[in-house]
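*Asks:*
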Amino acid sequence: MNDFISLEHIVKVYPPSVLAVDNVSVEFRKGEIHSIVGENGAGKSTLMKLLYGLIPFDSGTVKMNDAPVRFHKPGDAIARGIGMVHQEIELIAQYTVWENVVLGAEPVRGLAGTLDTKRAIELVRRKIDEFQFNLDPLAQVDRISVAARQKVEILKLLYRNVSVLILDEPTAVLTPQEIPQLFTELKRLRDKGNTILFISHRLDEVLELSDRITVMRKGKKIATVAASETNKEALAQMMVGRQVIFTSKRTPHARGASVFEAKNLSVTRRDGLKKLDEVCFEVHAGEIVGIAGVEGNGQFELVNSIMGLAEPSAGTMMVGGKDIAKLSILERRTLISFVPQDRGKMGASLAASILDNAIMTHHRLEVRFSSWRGLVLNYKHAREFADSLAQRFSVQMASRQNPFRSLSGGNQQKVILGRELLLSTPFFLMDQPTRGLDVGSIEYVHGEILAMREADRAVLVISADLEELFLIADRILVMHRGQIVADLATEQTSIEEVGRYMLEGRVSA
Ligand SMILES: Nc1ncnc2c1ncn2[C@@H]1O[C@H](COP(=O)(O)OP(=O)(O)O)[C@@H](O)[C@H]1O
Ligand SMILES: [Mg+2]
């Protein structure tokens, strides 16, 4: 039985000199949901990986019920009832749910030891029923949702009689609608006596889910607190090491003339389905308009239409009084700054240097960055530009020549945001501007977005995070099945009302 696990004075150094876990002592009790929170790089994953026997540590002791244990590989931890689900899901896509669950621990029959298919399916079905997981054991894994795949990973561990489950940022890959169900299931597992160790940096969900919370910062444990005795502000302060303000810093600001206007914008798929259906809205100078909606309700098509990556089947789009339909992508970039959802694919080149990413687009729009009639980049000016951008947006980097991928997510977003801010455009389009960032970086990005509004730029923000929209947007438009079904002044609506429009497309009386 794992009544409690204690980690005592654990130290882990990644060679040559990254002190990832710095003398951490913490105790996990049977039957609790214990969250580990901290900014990116705080050492959360490392701490859990060494408990799981995946990586060795340098000093300290792991004890189970006061007896020292040493796990050299995950198999050792699983044998003692401790299992871990990683950030990346590692199932075999072509296999069914039950095959993935029993893989490596198959029930066999007869002397030849052949797989007992019937019994395997039955055992998996029993586990699914026991935990009310709502999964079809016969479904093929690549046909089920990400949330369901996560359940398969958890089931794999339960099937091996694991009673301490480590989950590394499981909500990062889920949509907001899938999270409550995961939480219900985790609480049910806890109520049956299992222990859940839950890594996250999203404070709201941690407070909702956990019994106790351990905060890490820069490899150190800052504190372990009962969820009922703390709050978001206190946790954020421990996490970041300074005060973080969650209430909106948005002050009244008069909006100016219309800058962006979409009129009857439609995108029709080849099979006739309308992905964008007669969408009409305006964004004014000095205004932040937010677009809320469950993902897949036309946001993708809207962004692609504005940026010239998809051709609308009908309607018009104007920026600063100019019809942008016939403009090339580069021409659009003189009018529109753009922060895409997928930083690694569209916003940047991961393999190129930080410098090259900072200068991207600018080098084609501004003559000072080119020599020899635009054939060669003027490196002197480019370097100055990259350095001033890094300084103004406090980008933490070792060298501007390093590949972009060497930056943390928050710093990558600062480079993209800075580059786009420094384009002198009237209209700013941002798709999920803070997805995957930690609280300190989110606060920073929100501050910059609000500053754009003060500078009378027109800002359109698409976000799956409703709290974000309530913090920064003046108006919230809700998209549902390709239509804008609500246009609400932030001051006069609530998260509940917006949520209902998102799910139902209208608010029933
Ligand atoms: N395999 C590795 N090799 C070297 N350094 C690593 C490795 N994994 C993580 N780190 C470093 O260790 C620190 C803690 O990382 P990690 O445990 O992944 O943090 P978290 O999960 O809190 O984001 C970071 O500075 C990170 O860059
Ligand atoms: Mg991690």
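In this note's numbering, the protein residues as written are 1082 to 1590.
We treat Cβ as the ideally placed atom computed from N, Cα and C, and that holds for glycine.
Just so it is clear, the structure is predicted and the values come from calculations on it, not from any experiment.
1. Counting only the same chain and skipping the five closest in sequence on each side, list residues whose C-beta sits under 7 Å from that of ALA1308.
2. Pop quiz: LEU1510 and LEU1541 are said to be a contact at Cβ under 8 Å. What is the actual Cβ separation, rounded to whole angstroms?
3. Where do the ends of the beta strand (DSSP E) carrying GLU1073 lie?
4. Who are the near neighbours of ALA1174 in its chain, counting only those whose CB is closer than 7 Å to its CB and skipping five residues on each side?
5. In terms of residue numbering, what span does the beta strand (DSSP E) encompassing PRO1149 cover?
6. Can you tell me the Cβ-Cβ gap for LYS1594 and ASP1285, rounded? I've got them flagged as a contact below 8 Å.
7. Assuming the contact rule is C-beta atoms closer than 8 Å, VAL1178 and ASP1210 should be a hit. Round their C-beta distance to whole Å, please.
8. DSSP on VAL1579, reduced to helix/strand/coil?
9. Short check: CB of PRO1484 to CB of ALA1429, under 8 Å?
10. Going by beta carbon distance, what residues of the same chain come within less than 8 Å of GLN1231, once the five residues before and after it are set aside?
11. For PRO1155, which of helix, strand or coil comes out of DSSP?
12. Report whether the distance from the Cβ of SER1126 to the nearest heavy atom of ligand 2 is below 7 Å.
13. Indicate, with yes or no, if ligand 2 has a heavy atom lying under 7 Å from the CB of GLU1363.
14. With distances taken Cα to Cα, identify the nearest neighbour of TYR1176 among GLY1528, VAL1233 and LEU1547.
15. With DSSP as the reference, label ARG1200 as helix, strand or coil.
16. Does at least one heavy atom of ligand 1 sit under 7 Å from the Cβ of ALA1123?
17. When burial is assigned at 16 or more other CB atoms within 10 Å of the CB, is GLN1638 buried or exposed?
18. Within a Cβ cutoff of 7 Å, which residues of the same chain sit near HIS1365, ignoring the five residues on either side of it in sequence?
19. What residue range is occupied by the uninterrupted alpha helix (DSSP H) comprising LYS1474?
20. Have a look at GLN1494, LYS1154, GLN1380 and ILE1523 and flag the residue whose alpha-carbon is nearest the alpha-carbon of LEU1431.
*Replies:* Let's see:
1. LEU1288, SER1291, ASP1292, ARG1293 and ILE1294
2. 5 Å
3. Residue 1073 is absent from the structure shown; the chain starts at 1082 and stops at 1590.
4. VAL1222 and ASP1223
5. 1148-1150
6. Residue 1594 lies beyond the residue range present for the chain, which begins at 1082 and ends at 1590; the question has no answer from this structure.
7. That pair is no contact at about 13 Å.
8. helix
9. no
10. VAL1166, ILE1170, PRO1251, VAL1254, LEU1255 and LEU1263
11. helix
12. yes
13. Because no heavy atom of ligand 2 lies under 7 Å away, the Cβ of GLU1363 does not count as near it: no.
14. VAL1233
15. helix
16. yes
17. Any question about residue 1638 goes unanswered here, given that the chain covers just 1082 to 1590.
18. ARG1336, GLY1337, ALA1338, SER1339, VAL1340 and ALA1539
19. The displayed chain sequence assigns Phe, not Lys, to residue 1474. Unbroken run through PHE1474: none, as it is neither H nor E.
20. It is GLN1494 whose Cα lies nearest to the Cα of LEU1431.
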